[in-house]
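Enquirer: This structure is in structure tokens; I'll ask about it shortly.
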Amino acid sequence: MSQLTQGVDRVTRRPSSTVRAELGILTTCALNNFMIFGTFSALSVAIPAVARELEGGVTTASWMLIGFLLTNASTTILFSRLSDEWGRRWFYFGGILTFTLASVLCFFVTEPVVLVLLRAVQGLASACSTSTSSAVISDVFPPSRLPMALGIFMAVAGLGTLLGPIVGGLLVDHFGWRSIFVMGAALGVGAVVVGWDALKNVHAPGLRRFRLDVPGTVTSIVGIAALILAVQMIGEDVPLVVPAASAAVAVVSLWAFATAERRSDHPLVDPAVVAGTRGRIYLAAFCGAVPQTGVVVLTTLYLQLLHGSSAAEAGLHLLPMGTAMLAGSLVAGVVQRWTTPAVANVVGAFGVATGSTAVVVVIATDAPLAWLTVALVVSGFFQGTYQATLAARLLIGVPADRRGIAQGLRATIMNGSNAIATATVVAAVTWVVGGGDLSTGSPGSLRVGLVVAASVLAGCGLAAAVLTARAERGSGVEAQAEQERTVSSAVGA
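In this text, residue positions in the sequence shown follow our numbering: the first is 41, and each later residue adds one.
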């Protein structure tokens with residue numbers, strides 16, 4: 041019997057909590073997401089400014105984003121496993137404090153390589169904290185209120201995506217792109233102050249000896265990193281054999297990881313966590329996350345390169361998408377009073393596919409920007425619905441000592457797909473234009489590159505919708521649906 045199954049069979053004790061503790065947990069988790077993903081989305085509108093100032097142009101600017109996502113995605117599973125074994129509080133605070141310090145250093149650095157390395161350190165730090173966010177909330181909130189709590193968290197945390205491009209654009213235009221790191225440091229301090237007492241209520245088994253799955257750890261890190269690097273190098277001035285070799289390393293490493301996990305007595309990822317329907321939902325989560333970040337990067341490039349918008353103007357144009365994402369997350373929390381997370385998840389997935397396809401049509405036809413706004417609103421609303429219900433589906437029924445790895449696997453998938461989405465957009469455009477300096481590309485070639493990138497994002501959105509729907513016909517669906525119905529009924533009671 042797997043450790044996950046044993047955990048479901050027993051009654052999992054939850055730390056005692058109060059309304060004050062629950063509010064504190066939600067607030068500090070939201071501030072942490074503001075800090076990490078607000079900084080990321082703010083930097084996404086700063087790509088042209090960074091490319092103009094630092095040696096290396098758009099390659100340096102894109103690596104500022106990719107370097108962060110590379111280390112974040114490749115180490116999240118490891119930190120999730122450690123937090124399950126040793127407790128979440130110090131991993132959470134350690135990540136926030138390290139990210140904050142690195143933000144201060146990023147403000148002063150002038151060498152492109154050092155900047156990319158510091159962003160990679162921030163990726164490691166964010167892996168410590170983001171890998172535990174939903175698990176921390178699950179530790180404190182009972183199952184009857186968990187879907188609503190996760191919906192509120194996703195909604196509030198989504199403000200980072202909403203405000204990041206806007207605040208980032210204003211900061212870039214008035215104070216320079218380095219000021220974005222000042223914002224990140226301030227949010228980090230706030231997260232520590234608010235969460236210091238509240239996080240005493242989370243899963244904390246204390247330090248104890250356990251056997252780390254070294255083969256699984258090494259192969260997972262190498263596989264994820266190689267996959268992201270392969271996509272990133274497609275648009276760079278390197279022989280095609282280089283990204284092809286990286287992709288081959290990724291395939292072999294991830295196959296070795298899956299094999300090691302099935303055979304290990306102490307796996308890094310308990311196979312039961314990804315068994316049956318839940319495994320198919322994880323796959324859908326990967327495809328569904330690609331359009332979320334990809335559309336943000338794509339839209340900022342489209343507006344700045346083809347419409348001459350400033351960074352601030354591009355950020356403001358993303359405001360409706362962020363607002364819609366916030367609304368979608370809140371609606372998801374309410375809708376689950378009357379239906380299951382599974383039904384709301386499927387609807388959200390098809391909405392994401394629709395919105396992503398609409399963005400392709402707008403860019404390809406050079407439609408008025410009002411239509412781009414409509415497409416972004418549709419995409420944002422259903423992304424909010426999809427991600428909020430996805431988190432609830434993946435955590436329901438998982439015991440406390442496996443919630444970290446369940447959330448960490450989801451975070452790895454999300455952040456890995458974000459890295460791939462960013463790399464895909466930049467690679468597609470630079471490949472079509474034929475160089476790293478996008479400002480010299482002709483409008484026609486830029487549009488073709490943007491359409492190619494947008495089509496990939498739309499394809500991923502459609503794949504997520506199909507996979508999410510097919511998961512409902514998989515094995516074990518009836519039992520999970522009944523469990524979700526029970527939880528949803530308790531929420532509505």
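Where is the CB? At the ideal position from N, CA and C, for every residue including glycine. Owing to the predicted nature of the structure, the values given are computational and were not obtained by experimental measurement.
If you draw a straight line from the alpha carbon of Val98 to that of Phe422, how long is it in whole angstroms?
Expert: Going from the Cα of Val98 to the Cα of Phe422 covers about 31 Å.
Enquirer: Taking the Cβ atom as the reference point for each residue, do Leu372 and Gly191 lie within a distance shorter than 7 Å?
Expert: One point to set straight first is that residue 372 is Ala, not Leu, in the sequence displayed. Yes, the Cβ-Cβ distance between Ala372 and Gly191 is below 7 Å.
Enquirer: Tell me where the alpha helix (DSSP H) around Trp411 begins and ends.
Expert: Its alpha helix (DSSP H) spans residues 409 to 435.
Enquirer: Can you give the Cα-Cα distance for Thr413 and Ser173, rounded to whole angstroms?
Expert: About 31 Å.
Enquirer: Note the first and the last residue of the continuous alpha helix (DSSP H) segment covering His357.
Expert: Unbroken alpha helix (DSSP H) run through His357: 351 to 357.
Enquirer: On the criterion of 16 or more Cβ atoms from any shown chain inside 10 Å, does Leu227 qualify as buried, or is it exposed?
Expert: Buried, since its Cβ has 16 or more Cβ neighbours within 10 Å.
Enquirer: Please classify Arg302 as buried or exposed, where buried requires at least 16 other C-beta atoms within 10 Å of its C-beta.
Expert: So Arg302 counts as exposed.
Enquirer: Pro152 lies in the alpha helix (DSSP H); which residues open and close that run?
Expert: First-last of the alpha helix (DSSP H) with Pro152: 152 to 170.
Enquirer: Keeping to the same chain, check which residues put their C-beta closer than 7 Å to that of Asn385; ignore five residues upstream and five downstream.
Expert: Contacts found: Tyr426, Thr429, Leu430, Arg433, Thr508.
Enquirer: In chain order, which alpha helix (DSSP H) runs of at least 4 residues are fully inside the segment 307 to 382?
Expert: Runs of the alpha helix (DSSP H) inside the segment 307 to 382: 316 to 346, 351 to 357, 359 to 375.
Enquirer: Taking the alpha-carbon of Ala503 as reference, which of Leu157, Ala284, Ala325 has the nearest alpha-carbon?
Expert: Closest by alpha carbon: Ala325.
Enquirer: Can you tell me whether Ala58 is buried or exposed? The criterion is at least 16 other CB atoms within 10 Å of its CB, across all chains shown.
Expert: It should be noted that the sequence gives Thr, not Ala, for residue 58. Exposed, because fewer than 16 other Cβ atoms sit within 10 Å of the Cβ of Thr58.
Enquirer: Measuring alpha carbon to alpha carbon, tell me which of Ala300, Val469, Leu83, Ser171 ends up nearest Gly448.
Expert: Ranking the options by Cα distance to Gly448, first place goes to Ser171.
Enquirer: Excluding five sequence neighbours on each side, which residues of the same chain lie with their C-beta closer than 8 Å to the C-beta of Val51?
Expert: With a pLDDT of 35 at Val51, under the threshold of 50, the modelled position of this residue cannot be trusted; read the value that follows with caution. Contacts found: none.
Enquirer: Does the Cβ-Cβ distance between Val177 and Ala459 come in under 7 Å?
Expert: The amino acid occupying residue 177 in the given sequence is Ile; Val does not appear at that position. No, these two residues do not count as a Cβ contact at 7 Å.
Enquirer: Select from Leu141, Gly391, Ala70, Thr100 the residue whose C-alpha is nearest the C-alpha of Ala329.
Expert: Among Leu141, Gly391, Ala70, Thr100, the Cα nearest to that of Ala329 belongs to Gly391.
Enquirer: Using a Cβ-Cβ cutoff of less than 6 Å, which residues in the same chain neighbour Gln520 once the five nearest sequence positions on both sides are dropped?
Expert: Residue placement at Gln520 is poorly supported in this model, since its pLDDT is 48, which falls under 50; the coordinates still yield a value, given next. Cβ within range, chain order: Thr317.
Enquirer: For Arg121, which three-state DSSP category applies?
Expert: In this structure, Arg121 counts as helix in the three-state DSSP scheme.
Enquirer: Kindly indicate which residue of Leu356, Val387, Ala354 has the alpha-carbon position closest to the one of Ser369.
Expert: When each option's Cα is compared against that of Ser369, the closest is Val387.
Enquirer: Okay, do the segment 82 to 91 and the segment 200 to 216 touch, 3+ Cβ pairs below 8 Å being the bar?
Expert: The answer is yes - the segment 200 to 216 touches the segment 82 to 91, with three or more Cβ pairs under 8 Å.
Enquirer: In whole angstroms, what separates the C-alpha of Arg60 from that of Leu239?
Expert: Each residue's Cα considered, the two are about 11 Å apart.
Enquirer: Compute the distance between the beta-carbons of Val289 and Ala266, then report whether it is under 7 Å.
Expert: Yes, the Cβ-Cβ distance between Val289 and Ala266 is below 7 Å.
Enquirer: Whose C-beta lies closer than 7 Å to the C-beta of Thr405 among residues of the same chain, with five residues either side of it excluded?
Expert: Counting only Cβ-Cβ distances below 7 Å, and skipping sequence neighbours, we find nothing.
Enquirer: When burial is assigned at 16 or more other CB atoms within 10 Å of the CB, is Ser482 buried or exposed?
Expert: Its Cβ having fewer than 16 others within 10 Å, Ser482 is exposed.
Enquirer: To the nearest angstrom, how far is the alpha carbon of Thr340 from that of Arg251?
Expert: Between Thr340 and Arg251, the C-alpha separation is close to 46 Å.
Enquirer: Using a Cβ-Cβ cut-off of 6 Å (strictly less than) and excluding sequence neighbours within five positions of Ser102, which residues of its own chain qualify?
Expert: If we look at Ser102 and ignore the five residues flanking it on each side, its Cβ neighbours are Val466.
Enquirer: Helix or strand or just coil, what does DSSP make of Val59?
Expert: In this structure, Val59 counts as helix in the three-state DSSP scheme.
Enquirer: According to the Cβ coordinates, are Ile321 and Ser114 closer than 7 Å?
Expert: No. Outside cutoff.
Enquirer: Determine the direct distance from the alpha carbon of Val492 to that of Gln272, and round the result to whole angstroms.
Expert: Rounded to whole angstroms, Gln272 to Val492 spans 16 Å at the Cα level.
Enquirer: Residues in the same chain with beta-carbon distance under 6 Å from Leu118, minus the five sequence neighbours each way, listed in chain order, please.
Expert: Thr257, listed in sequence order.
Enquirer: Rounded to the nearest angstrom, how far is the Cβ of Ser358 from that of Leu416, given a contact under 8 Å?
Expert: Per the sequence presented here, residue 358 reads as Leu, with Ser not at that position. 7 Å between Cβ atoms; contact.
Enquirer: Tell me, to the nearest whole angstrom, how far the beta carbon of Ala367 is from that of Gly424; I am working on the premise that it is less than 8 Å.
Expert: Their Cβ separation, rounded to whole angstroms, is 7 Å, which keeps Ala367 and Gly424 in contact under 8 Å.
Enquirer: Can you say whether Val399 is buried or exposed, counting buried as having 16 or more other CB atoms within 10 angstroms of its CB?
Expert: With 16 or more Cβ atoms within 10 Å of its Cβ, Val399 is classed as buried.
Enquirer: Spatial neighbours of Gly36 within its chain, please: CB distance less than 6 Å, with the 5 preceding and 5 following residues excluded, ordered by chain position.
Expert: The displayed coordinates of the chain run from 41 to 533. Any statement about residue 36 would go beyond what the structure contains.
Enquirer: Keeping to the same chain, check which residues put their C-beta closer than 8 Å to that of Ser350; ignore five residues upstream and five downstream.
Expert: Gly209, Asp213, Gln344, listed in sequence order.
Enquirer: Hey, quick one: how far does the alpha helix (DSSP H) through Pro283 stretch, first residue to last?
Expert: First-last of the alpha helix (DSSP H) with Pro283: 281 to 303.
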